[in-house]
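*Asks:*
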Amino acid sequence: MTDPKVSIPEALNALSAGLVLLSAFAMVATRQVRGVVRFFVIQSLLLAASCFLLGYSRNSNHLWTLGAITVAAKAVAIPWILRRLLPGEFYERREIAQAINIPASLLLSLLLAILSEFLVGPLAAASIDSVIRINLPIGLAGVLIGAYSLIARREAIPQLIGILAMENGAFFAGIAIANELPLIAELGVAVGVMLIAVVTGLLSRNIGQTIGTTETGTLSELKEEATPWR
Amino acid sequence: MIQTISYNVMQVVFILAFAPLYAGVLSRFKEIVQSRRGPSILQPYRDIWKLFHKDQILSEETTWIYLLTPYLVFVIPIFVAILIPVLTDFPLVFAFMGDMLAGGFFLGLAGFFAALAAVDTGNPYGPMGASRTRMVGFLAEPVFMIVFFTVSFVAQSTIPYIVQQKWIASPGAFFAPAHILLLIAFLMLILAEGGKIPVDNPTGHFELAMIDESKGLEFSGRGAALMKWGGQMKFLVLACIFLNVLVAPWGLAHGPALFGVILAVPLILLKIFLFAIVLVVIESSLAKLRLFRISEFLGAAFITAVAAMVTSIFPGAQT
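Heads up: the sequence lines are chains A and B, in that order. Using this note's numbering, read the first sequence as starting at 36 and increasing by one per residue. Using this note's numbering, read the second sequence as starting at 824 and increasing by one per residue.
#1: For residue 1030 (chain B), which of helix, strand or coil comes out of DSSP?
#2: Roughly how many angstroms lie between the CA atoms of residue 224 (chain A) and residue 213 (chain A), to the nearest whole one?
#3: Is the CB of residue 1129 (chain B) under 8 Å away from at least one CB in chain A?
#4: Mind listing which residues of the stretch 151-167 of chain A have their C-beta closer than 7 Å to chain B's C-betas, in chain order?
#5: Quick one: is the Cβ of residue 200 (chain A) within less than 7 Å of any heavy atom of the ligand ADP?
#6: Are residue 1053 (chain B) and residue 878 (chain B) closer than 8 Å when you measure CB to CB?
#7: Using CA coordinates, which residue listed in B:1108, B:938, B:925, B:932 is at the minimum distance from residue 1019 (chain B)?
#8: May I have a chain-ordered list of the alpha helix (DSSP H) segments no shorter than 4 residues that lie completely inside the stretch 1001-1075 of chain B?
#9: Please state whether the Cβ-Cβ distance between residue 900 (chain B) and residue 828 (chain B) is less than 8 Å.
#10: Determine, using beta carbons only, whether residue 896 (chain B) and residue 1050 (chain B) come nearer to each other than 8 Å.
#11: Residue 846 (chain B) to residue 1077 (chain B), Cα distance in whole Å?
#12: Return the residues of the stretch 208-226 of chain A that lie within a Cβ-Cβ distance of less than 7 Å from chain B, sorted by chain order.
#13: If we ignore side chains and look at the alpha-carbon of each, how far apart do residue 1158 (chain B) and residue 898 (chain B) end up?
#14: Classify residue 202 (chain A) as helix, strand or coil using the three-state DSSP reduction.
#15: Name, in chain order, the residues that DSSP records as bridge partners for residue 911 (chain B).
#16: With a cut-off of 8 Å, does the C-beta of residue 117 (chain A) fall near any C-beta of chain B?
#17: Check the Cβ of residue 964 (chain B) against every Cβ in chain A and list those closer than 7 Å, keeping chain order.
#18: With C-beta atoms as the reference, is residue 141 (chain A) less than 8 Å away from residue 1123 (chain B)?
#19: In or out: residue 111 (chain A) buried (at least 16 other Cβ within 10 Å) or exposed?
#20: Enumerate, from N- to C-terminal direction, the unbroken beta strand (DSSP E) stretches of 3 or more residues contained entirely within the stretch 864-893 of chain B.
#21: What residues match up with residue 250 (chain A) in a beta bridge as DSSP calls it?
#22: Any beta carbon from chain A within less than 8 Å of residue 1124 (chain B)'s own beta carbon?
#23: Please state the DSSP three-state secondary structure of residue 100 (chain A).
#24: Output yes if chain A places a C-beta closer than 8 Å to the C-beta of residue 998 (chain B); else output no.
#25: For the alpha helix (DSSP H) containing residue 854 (chain B), name the first residue and the last one.
#26: Taking the straight line between their C-alpha atoms, what separation do you get for residue 1126 (chain B) and residue 188 (chain A)?
#27: What are the residues in the stretch 59-79 of chain A lying within 8 Å of chain B by C-beta distance?
#28: Could you name the residues of the same chain whose beta carbon sits closer than 8 Å to that of residue 970 (chain B), not counting the 5 residues immediately before and after it, in chain order?
#29: Which residues, taken in chain order from the stretch 176-204 of chain A, show a beta carbon closer than 9 Å to some beta carbon of chain B?
#30: Please compile the residues from chain B whose C-beta is within a distance smaller than 9 Å of the C-beta of residue 174 (chain A).
#31: What is the rounded straight-line gap between the Cα of residue 843 (chain B) and the Cα of residue 1099 (chain B)?
#32: Could you check if residue 994 (chain B) is buried or exposed, using at least 16 other CB atoms within 10 Å of its CB as the buried criterion?
#33: Check each candidate in B:851, B:1029, B:1016, B:979 and name the one with the smallest Cα separation from residue 934 (chain B).
#34: One question on the structure: do residue 273 (chain A) and residue 89 (chain A) come within less than 8 Å of each other, judged by their Cβ atoms?
#35: Any beta carbon of chain B sitting closer than 8 Å to that of residue 137 (chain A)?
#36: Around the Cβ of residue 50 (chain A), are there at least 16 other Cβ atoms within 10 angstroms (buried) or fewer (exposed)?
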């Protein structure tokens, strides 16, 4: 239960926290590559909204800048880069062959969310700030669920989105704890994330051009003396 | 005392009177969104009127279950309507007679008899629809339970009148992740229970694809009218629970003055019609799921509900 004296921006931050968690689940549950990217954009926009709200309530220019960087890098640049690098048919692809099917994946990511509440709960309970109490466990859940989808997905782009979702989760926890990180670090992270997108996008484009698929799950067949080429 | 009893009667009359209108408005909205004209919003009233004036035909195979079911399906939403806040946000005389769990049991009883009656007729489509409804039902049950437990945990009460006060108490409680996730889970539950589009197509006329509709195929005359009206009331009651108890009790009457209660009627109608627009947008933008994908849909609802529970019960979430 939340403190009755929560201010409106902080209450709205809680709203966006709930939706961030939901979009993390949605990214695990979506089959279509395009859908995964779309939910990632939604999650990044929610993250930016949280930045703006906290920036407003804590009077921190730093968080405002951070929100703007998030929108520019994750909601605009990364989808654009991926769209430019990969032909449209990768986005239309459905029924991604996953290592674990979707209902089981959802249950596992639910367990991860419970785990993160369980781990961070006592830590967050020690804090008086309601923002920390909400953002910390949900941010950790975002990191764990992103890492999980990195393992369970077998298609290059959703795996990339998994990495980026991990970053989103860490970011979401971070904005609650640290008001004044040096801006250069945040810029570095934003550029780094874009570089990851470019490198992975180029790599999977080349792989896709050479062997006609971007399913990383079947890439192990390409190992040295393994099965003859079919 | 007399006053609160009369308000309770007003709530029941509200549900009785406006349930067909709501069904009519929903279908009309949907037709408009899909750029067709559609029937008048009063069409459900005309259908019910027409059915009441037709003869009821009984198959030789049926038993008392078939005769009893339409009455049960009709009466049970009325029972639930006296337990929940429809027009007022202060507890009425029967408010403490049963809680939300009792409401769930009542609706479950109606569903149980409707399924039995469908099997009772011997029509091959009836049992098929009944078994599919049961499938949706038992997948929806855990979601309902988790939503119910979380709500009662957060509000420290299971009486709907007390629960709704929790959400207006503070913006912190209203926007808490637990509340938002609960709302989404319950919305998915309403779509499943009300036979709306991602789960079931209420306007479909193909028996093999029906889920909810095929249970009522064998009913005729008065029975069909009561089944139809009861189904519409059940949906309106669910919408009232969703809007008045879970979303927010805006527009409800605060004090025992008669004027306030009468003023609440148009306000609640407005709120419910706004909800209808949301439902129509959902229904028009999604495709009906394959039968075996329904478990995934309700699985997602379950995950959302459990996530709501998780964010509300661990020590970090509490003050």
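All residues carry an ideal CB built from backbone N, CA and C; glycine is no exception.
*Replies:* Checking against the coordinates, here is how it stands:
#1: The residue you call residue 1030 (chain B) lines up with position 207 of the second sequence. If DSSP states are grouped into helix, strand and coil, residue 1030 (chain B) belongs with the helices.
#2: Residue 224 (chain A) sits at position 189 when you count from the first residue of the first sequence. Residue 213 (chain A) sits at position 178 when you count from the first residue of the first sequence. Rounded to whole angstroms, residue 224 (chain A) to residue 213 (chain A) spans 15 Å at the Cα level.
#3: Taking the second sequence and counting its residues from 1, one reaches residue 1129 (chain B) at position 306. Interface residue, yes.
#4: 152, 153, 155, 156, 157, 159, 160, 165
#5: The model depicted lacks the ligand ADP and carries no ligand whatsoever.
#6: Within the second sequence, numbered from 1, the residue matching residue 1053 (chain B) stands at position 230. Within the second sequence, numbered from 1, the residue matching residue 878 (chain B) stands at position 55. Cβ atoms of residue 1053 (chain B) and residue 878 (chain B): not closer than 8 Å.
#7: For the purposes of this step, residue 1019 (chain B) is taken as the residue at position 196 of the second sequence. Closest option to residue 1019 (chain B), Cα to Cα, is B:1108.
#8: 1044-1063
#9: As a first step, residue 900 (chain B) must be located in the second sequence, where it is residue number 77. As a first step, residue 828 (chain B) must be located in the second sequence, where it is residue number 5. No. Outside cutoff.
#10: For this step, residue 896 (chain B) is matched to residue 73 along the second sequence. For this step, residue 1050 (chain B) is matched to residue 227 along the second sequence. In this structure, residue 1050 (chain B) lies closer than 8 Å to residue 896 (chain B) by Cβ.
#11: Counting from 1 along the second sequence, the entry for residue 846 (chain B) is found at position 23. Counting from 1 along the second sequence, the entry for residue 1077 (chain B) is found at position 254. Between residue 846 (chain B) and residue 1077 (chain B), the C-alpha separation is close to 28 Å.
#12: none
#13: The structure shown has nothing for residue 1158 (chain B), since chain B only spans 824 to 1142.
#14: The sequence position of residue 202 (chain A) within the first sequence is 167, counting from 1. Reduced to three states, the DSSP call for residue 202 (chain A) is helix.
#15: Walking along the second sequence from the start, residue 911 (chain B) turns up at place 88. Per DSSP, B:1076.
#16: Residue numbering aside, residue 117 (chain A) sits at position 82 when the first sequence is read from its first letter. No - not a single Cβ of chain B is within 8 Å of the one on residue 117 (chain A).
#17: Within the second sequence, the letter at position 141 stands for residue 964 (chain B). Residues of chain A passing the Cβ test: none, with the nearest at roughly 17 Å.
#18: Walking along the first sequence from the start, residue 141 (chain A) turns up at place 106. Walking along the second sequence from the start, residue 1123 (chain B) turns up at place 300. Their beta carbons are under 8 Å apart, which means residue 141 (chain A) touches residue 1123 (chain B) by this criterion.
#19: Numbered from 1 along the first sequence, position 76 holds the residue referred to as residue 111 (chain A). Exposed, since its Cβ has fewer than 16 Cβ neighbours within 10 Å.
#20: none
#21: Position 215 of the first sequence, counted from the first residue, corresponds to residue 250 (chain A). A:190, per the DSSP bridge assignment.
#22: Taking the first residue of the second sequence as 1, we reach residue 1124 (chain B) at position 301. Chain A, which has no Cβ nearer than 8 Å to the Cβ of residue 1124 (chain B), makes this no.
#23: In the first sequence, counting from the first residue as 1, residue 100 (chain A) sits at position 65. Reduced to three states, the DSSP call for residue 100 (chain A) is helix.
#24: Along the second sequence, read from residue 1 onward, the residue named residue 998 (chain B) stands at position 175. By this cut-off, residue 998 (chain B) is an interface position.
#25: As a first step, residue 854 (chain B) must be located in the second sequence, where it is residue number 31. It spans 825-856 - the alpha helix (DSSP H) in which residue 854 (chain B) sits, taken as one unbroken run.
#26: Numbered from 1 along the second sequence, position 303 holds the residue referred to as residue 1126 (chain B). Numbered from 1 along the first sequence, position 153 holds the residue referred to as residue 188 (chain A). Each residue's Cα considered, the two are about 19 Å apart.
#27: 60, 64
#28: Position 147 of the second sequence, counted from the start, is the residue given in the question as residue 970 (chain B). The residues are 1005, 1008, 1009, 1012, 1128, 1131.
#29: 176
#30: Locating residue 174 (chain A) in the first sequence gives position 139, where the first residue counts as 1. None at all; the shortest Cβ gap to chain B is about 12 Å.
#31: One-based indexing of the second sequence puts residue 843 (chain B) at position 20. One-based indexing of the second sequence puts residue 1099 (chain B) at position 276. Approximately 13 Å between the Cα atoms of the pair.
#32: Along the second sequence, one-based indexing puts residue 994 (chain B) at 171. Buried, because 16 or more other Cβ atoms sit within 10 Å of the Cβ of residue 994 (chain B).
#33: To locate residue 934 (chain B), count along the second sequence from 1; it is residue 111. The residue with the shortest Cα to Cα distance from residue 934 (chain B) is B:1016.
#34: Because chain A here runs from 36 to 265, residue 273 (chain A) falls outside it and cannot be looked at.
#35: Taking the first residue of the first sequence as position 1, residue 137 (chain A) is located at position 102. Cβ-Cβ to chain B under 8 Å: yes for residue 137 (chain A).
#36: As a first step, residue 50 (chain A) must be located in the first sequence, where it is residue number 15. So residue 50 (chain A) ends up on the buried side.
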